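Here is the structure we will look at.
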Amino acid sequence: MKELQNKAAELLENGTINLLIGFCEDGSKRAVPCFIETAAEANTLVFNQDCKNNLSVYLHKKEVKDAVKIGLVANVATLRSVLQLLSENQLWSLTLTYLTVNGAGELVVLSSAEELEGYVQANFPTCRPEDQEMLDKLNAMSREERWAFWKDQLSECVKCYACRAVCPMCYCTVCTTECNQPQWIKTSAETSGNFEYHTMRAMHLAGRCINCGECGRICPAGIPVHLLTAQMNQEIEQEFGGKTGWSLKGGYALNSFKPGDKENFIK
Amino acid sequence: MARIGVFICHCGENISATVDVEKVARLASKLSGVAFSVDYKYMCSDPGQTLIVDAIRKHKLTGIVVGACSPRMHEGTFRKAAEKAGINPYFCEMANIREHCSWVHPKSDETTQKALDIVRTMVEKVKNDTALFPIKVPVTKTALVIGGGIAGIQAALDIANAGHQVILVEKTPSIGGHMSQLSETFPTLDCSQCILTPRMVEVAQHPNITLHTFAEVENVTGFIGNFDVNIRLKAKSVDFSKCTGCGSCWQKCPSKKIPDEFNAGMSFRTAIYTPFPQAVPNKPVIDRANCTWFTKDGKCGVCAKICPMGAIDYTIQDEIINVKVGAIVTATGFDIKHSDFFPEYGYGKHPDIIDGLQFERLASASGPTGGEIRRPSDGKVPETVVFLACAGSRDKAKGIEYCSKICCMYTAKHAMLYKHKNHHGKAYVFYMDIRSAGKSYDEFVRRAIEEDDVNYIRGRVSKIYEKNGKLMVVGVDTLLNAKPVTIEADLVVLATAVVANEDAESVAQKLHISYDKHKFFAEAHPKLKPVETNTAGITLAGACQSAKDIPETVAQASAAAAKTIILFSGSELTREPVVATVNRSAAPVYTTCTGCFLCQEVCPYQAIEREEIRDRAGNLLMNAARVNAGLCQGCGTCVAMCRNKSIDLQGFSNQQMLSEVMGLLNEPFE
Amino acid sequence: MRIGYYPGCSLQGSGREYSESLFAVAEKCGIELEEITDWNCCGASAAHSLNHDLSVALPARTLALAEKQGLEQILVPCAACFGRLATAQQELVSSEPMRSKISNYLEMPVQGSARILTVFEFLQEHIFPVADQFIVNKLNHKTACYYGCLLSRPKDLTRLERPEDPMEMDAVMEKAGATPIDWAFKTECCGAGLSVSRTDIVAKLSAKIVEDAVSRGAESIVVACPMCQMNLDLRRKEINKQMDQGSDIPVLFVTQALGLSMGISAEKLGLNRHFVSTGKVVSCVGRKEV
Amino acid sequence: MAETFEPKIVAFVCNWCTYAGADLAGTSRTKYATNVRIIRFPCTGRIDFMLLIKAFQNGADGIIVSGCHPNDCHYTSGNFHARRRWMVFKSLLDFMGFPTDRITFSWVSAAEGKKWADLVNETTESVRALGPFTDYKNLDFTQFNQIDHEGIAEQSR
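Protein chains in written order, with the working numbering: chain H, 2 to 268; chain C, 25 to 694; chain D, 153 to 442; chain G, 43 to 199.
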């Protein structure tokens, strides 16, 4: 902890970064995102188990971008999303430094995309057990049961778009949900429209989502939306190979093809 | 407010027989936005079109739907009519109620209902049509021709004679290609070089043709009308401005044991050489891989000492030149399999089992034997020669399913030439079928069989082995009471398969053109665009596309030239405006494109480019995709790919397609 | 590494010397061959041309037994047996329905997972690595390596590097210190199954083979197929009738030849079982370079 | 007296192969079910999965998506990209419990008029067997019902 604070202070001091995005504790001792611009504030930094937020989402914000040289306190999931973003030609205007804590509990500082790639590949996370459990449960269900499950879940959705707002991969300045010529997505929150929205969201993230699970965690209605993309990623990896948030080269399954791709579902 | 006109065609009885056209017209008139609706016997007839034109003018229609045949049939016709009436032709849509309705369903209410649905769908679409205007692309009126064989020569001359500049690139030291290696040509037996060399000279002297021999295309960027090409001029080591082509250098060159490509490896050449006596340009180059000066650094240097003009310069380096061209003719030619490709014929270990090109050289007056047919091993005149057609071709096991096309003819020619030169010799031809379709081709083959008594055996040869000085050709005669035959031959000529050049694939990748699984370049359409490629502005000539004989090659070369000349006929070319566009809007938004460039990958035409959007001060604000209308062919794969609909396809826009779907499913009303 | 062994009928009858020499060589090199218990006919004789399921089921049973026995590699010296087993295996592996169908017939599971070795593969992989230390004398003479059909075709099964002009046996003979000749009839037909029914045809075809070998100065013909060996050896009288002047060129199994070079006794290698005397070759052993 | 259910089937097809194939069915007068309505796209690569959802939402009972066979694409690779997109889209719908047996993917070339006719007939039959597509409508009904219940609860107090 102290180590992290000192390092942050040092980086801000020597001008390697102008802004550090990290965690501090709020009044009720909960870890919340914080933005630190001076070495003096660095001592408020914390980094522990309940630092769950994927802070990379802030890198899309204009006021953050303006700082140009940015430090990011990040867990592996967050680092993965940064990697994915780099492969999608985002963040080009930023110089990033990453501070993370490895399995052995030591502070790791990554100051280049290559270092980042190396670290992520060396510490690549697997699907969270609780998620896997849910996926298996759902896949074991009958078609009708699954339909009932999602119908029930999605009827709770109020289209607050928190899942979109919290997702680092949803960086479109204008989202299809906001297109009104034509109006692709119903604005009202009735279930069919919700189904429509979540199908679209899953399709847009399939093969890009880095499974940080933030969308599911953040959902006020408690809908496990992150399972949709998790499932898609697993199927894509199985069918076409390649992992999301794995390398700078990217390798998006849905903008490439092999002549021999599976087509047993085509008459 | 849209004012749509609906025109329902009876197509004589073709539609009205099963569809109640009057009803469709009547109900259509009630659709929202429809200002006028009528049915007529023959919409595509002159009166029919006049009816449309008048209606548009009279009722101030903003768009029309013609309920008739398939748009693939008459869309053009009716769009012209719309234009004639003064509205943008892209405000005309066709409702296919013939092919997709009246012809495939019985007379019934459902059929009429379906016709109405189809019309309604198109009404919805046309309401969302936008005015589109043909795309204009500037054209650089210079053509690049790649390959200096007969195909390249013909194309270059045709284009040059039409008054346009041509840059001809040939990778070997001389133009002429395979044709210059041939002895006589079927079906007339006139001497190949006699008809070819004048053309070669014409190329060299043509004011509109810039010839680069010993050069290769390095890379190609840009698009139709505006290609940007880098050409590598390989170091000749001879200053052509000084060289007079006297030839004393190669006469004195000490390294004389280099297999001669021109003679198909049956003779030797020197390290500094002109490929053949009639070479164009007739000046030597140094083959550095085999020159002592370069291999044993600085040793020798004889040619430099001998050259009276001081033209030899060992220090010359490769040079890359950049040219801008509007069109490219690809005429890179072909190669053939060699005898070493055939295990059953001894892996080419026997010198007297040769391929067709080698026989051409043996029969050629300018060849290693001065036109006498002598076998390579001991120079003896063969008493029995066996010719094998389809060596490799039409053979799945060899991975060459296709017919090499020219073999039947040149095999007959070879047999003939042999018989003409050795009246008492025996000539046998093993064949599968004789494919001699072509002007006076079959007569030619018959002549070989009947007049020159060449012995044709219908069957394959399973193996050839050497036995006390003879080549034992073991085959089968499938005709009559089919039986195995073994012929003792002195010389065997394999009509080996025609294959794509070794570097065909890399050439295709440089040019961004597609190729088939045999690495032959792919035409844009097998029937209707046999000369164009999938990349606009690049055409094909000759055997780089598929095996061809000389007349075919020349014809296609002229066709490619014609396509090029058409392209050059105006200072700019016009293209169908059905292309994708990436939206742009005023600052500070500029565009909704996020510049993820995931769409770049899916474009088969490399039409999606990067645009840097900067503010007045020139600071980079964002990167965004931009579609090059000159390259885009309008498939729309990028559109469906784009997550936030920043790309759209003109003519098949999101708005149009969605309203079609909606229109289709809205319940009909009376 | 345990190596299974499938003799098939020939190696217990007409081609006994093949298995004798094989075992002699294996033993010399300290390699143990495990015979598949209760193996059955491979179906080469008639089955495969009469009933397809049977043609798969017969070899499949042997394969199933091998699996049960826990064998990962099976050596099948007989060319015909190899053909059948390999073909059946291919079908089993490529088609799940076929697999289940067959295991139903057999009433035991069958995967077709074991690797089936040709005699060449066996020699290359298991004998070659140790051979040199055992090869005591050179078979200094010119030899014609005759492969016949079943060892060279179909090429996807036999896995020869160059099916039209194989070199695998030549390599073995070189090791044994003989000089393999380049000749034309390596893979021609010997008459095979017509041995009994149409001896005349066998004679004609085999004569061509013997003739070419002899005319190119071969002093022995080496084979790896019991059927080829039988035709070229047993039918020599008829063969000689087909040739201008007959020949007494001996026909050895590749394993016999290799055995000789390893100094194994002629008897142990079954060289006494031939119809055409093998004395010539035996006398070549240790002879000076040819 | 319940008459046989006539499903509404929307076909999303590419211009160069399947649309032309359907034209061929016409020119060769091959009869097939009237239930299908064709929407023409330049290429299967252009077909947006959102349109399929929209079609179902607006009352389609079944959908056909069809284009050029692999390697026949007029634009060389549009159908290859489409194939992947379909595969992912289908498995997503499967995962969400959507009845994907209402979507038929097929390759129909410009020469396969007969195949087109058969495809339409088979799809019509199979969708007819599945009955009207109500799952989607029900999505919202259930909600209204809930609201309704609450309304009743209100009054009863």
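Cβ atoms here follow ideal geometry from the backbone N, Cα and C, with glycine treated the same way. Please read all numbers here as calculations on a predicted model, not as lab measurements.
Integer Cβ distance of residue i from residue j, believed to fall under 8 Å
i        : j        : result
D/Gly235 : D/Ala196 : 7 Å
H/Ala190 : H/Met233 : Not confirmed; about 23 Å, so no contact.
C/Cys116 : C/Val147 : Wrong, their Cβ atoms sit about 12 Å apart, outside the cutoff.
G/Trp149 : G/His116 : Not confirmed; about 13 Å, so no contact.
is_contact[residue i, chain G] using C-beta, thresh 8 Å
i        : result
C/Gln630 : no
C/Asp672 : no
C/Lys138 : yes
C/Thr42  : no
H/Pro260 : yes
H/Lys268 : yes
Residue-chain proximity (residue i, chain C), Cβ-Cβ < 8 Å
i        : result
D/Asp308 : no
D/Ala336 : yes
D/Arg314 : yes
H/Ala254 : no
G/Ala62  : yes
G/Gly68  : yes
Start-to-end residues for the beta strand (DSSP E) that takes in residue i
i        : result
G/Val149 : Rather than Val, the amino acid found at residue 149 of chain G in this sequence is Trp. First-last of the beta strand (DSSP E) with G/Trp149: Ile145 to Trp149.
D/Arg267 : Arg267 to Leu269
C/Phe411 : Thr408 to Ala415
H/Thr98  : Thr96 to Val102
H/Arg165 : Where H/Arg165 is concerned, there is no enclosing beta strand (DSSP E), although the alpha helix (DSSP H) it sits in stretches over Ala163 to Ala166.
C/Ser132 : It is not in any beta strand (DSSP E) - C/Ser132 carries neither H nor E in the DSSP assignment.
C/Asn647 : Leu644 to Val651
C/Asn479 : Asn479 to Arg482
Which listed residue (the options) has its alpha carbon closest to that of residue i
i        : options                                   : result
C/Ile340 : C/Lys258, C/Ala288 and C/Asp284           : C/Lys258
C/Gly658 : C/Glu600, C/Ala649, C/Leu645 and C/Arg667 : C/Glu600
D/Glu186 : D/Glu248, D/Leu291 and D/Leu217           : D/Leu217
H/Val159 : H/Cys220, H/Cys35 and H/Ala43             : H/Cys220
C/Thr101 : C/Lys84, C/Ser126 and C/Thr74             : C/Thr74
Residue i Cβ short of 7 Å to the ligand ATP heavy atom set
i        : result
H/Phe150 : This structure simply doesn't include the ligand ATP, nor any ligand for that matter.
Beta carbon proximity, residue i to chain D, threshold 8 Å
i        : result
C/Pro367 : yes
Below-8 Å beta-carbon distance, residue i vs any chain H residue
i        : result
G/Val130 : yes
G/Leu27  : Chain G is shown only over 43 to 199; residue 27 of chain G falls outside these bounds and no answer can be derived.
C/Met665 : yes
C/Leu622 : yes
C/Thr605 : no
G/Gly155 : no
C/Gln679 : yes
G/Phe83  : no
Segment limits, alpha helix (DSSP H) that includes residue i
i        : result
H/Tyr120 : Ala114 to Ala123
C/Met6   : With chain C represented from 25 up to 694, any question about residue 6 of chain C goes unanswered, as that position is not in the structure.
- Task: Ignoring anything shorter than 4 residues or poking outside the region 169-248 of chain H, list the alpha helix (DSSP H) runs there in chain order.
- Result: Within the region 169-248 of chain H, the complete alpha helix (DSSP H) runs of at least 4 residues are 192-206, 215-219 and 227-241.
- Minimum length 4: unbroken alpha helix (DSSP H) runs contained in the region 248-323 of chain C: Segments of the alpha helix (DSSP H) lying fully in the region 248-323 of chain C: 272-276 and 316-319.
- Task: Return the chain-ordered ranges of every beta strand (DSSP E) run that is complete within the region 110-169 of chain G and spans a minimum of 3 residues.
- Result: Counting only runs of 3 or more residues that sit fully inside the region 110-169 of chain G, the beta strand (DSSP E) segments are 145-149, in chain order.
- Which ranges does the alpha helix (DSSP H) cover as unbroken runs of at least 4 residues, wholly within the region 321-409 of chain C, from first to last along the chain? If one requires a minimum length of 4 residues, the alpha helix (DSSP H) runs lying completely within the region 321-409 of chain C are 326-330 and 380-387, in chain order.
- May I have a chain-ordered list of the alpha helix (DSSP H) segments no shorter than 4 residues that lie completely inside the region 194-251 of chain D? Taken in chain order, the unbroken stretches of alpha helix (DSSP H) that lie wholly in the region 194-251 of chain D and span 4 residues or more are 199-202, 204-220 and 231-246.
- Taking only runs that begin and end inside the region 305-370 of chain D, name each unbroken alpha helix (DSSP H) of 4 or more residues, in chain order. Counting only runs of 4 or more residues that sit fully inside the region 305-370 of chain D, the alpha helix (DSSP H) segments are 307-310, 320-327, 346-349 and 351-367, in chain order.
- Residue ranges of each alpha helix (DSSP H) run of no fewer than 4 residues wholly in the region 515-600 of chain C, ordered along the chain? Unbroken alpha helix (DSSP H) stretches of 4 residues or longer found wholly inside the region 515-600 of chain C: 528-535 and 574-592, given in chain order.
- 4-residue-minimum alpha helix (DSSP H) runs that sit fully inside the region 15-96 of chain H, ordered along the chain: Within the region 15-96 of chain H, the complete alpha helix (DSSP H) runs of at least 4 residues are 63-66 and 77-88.
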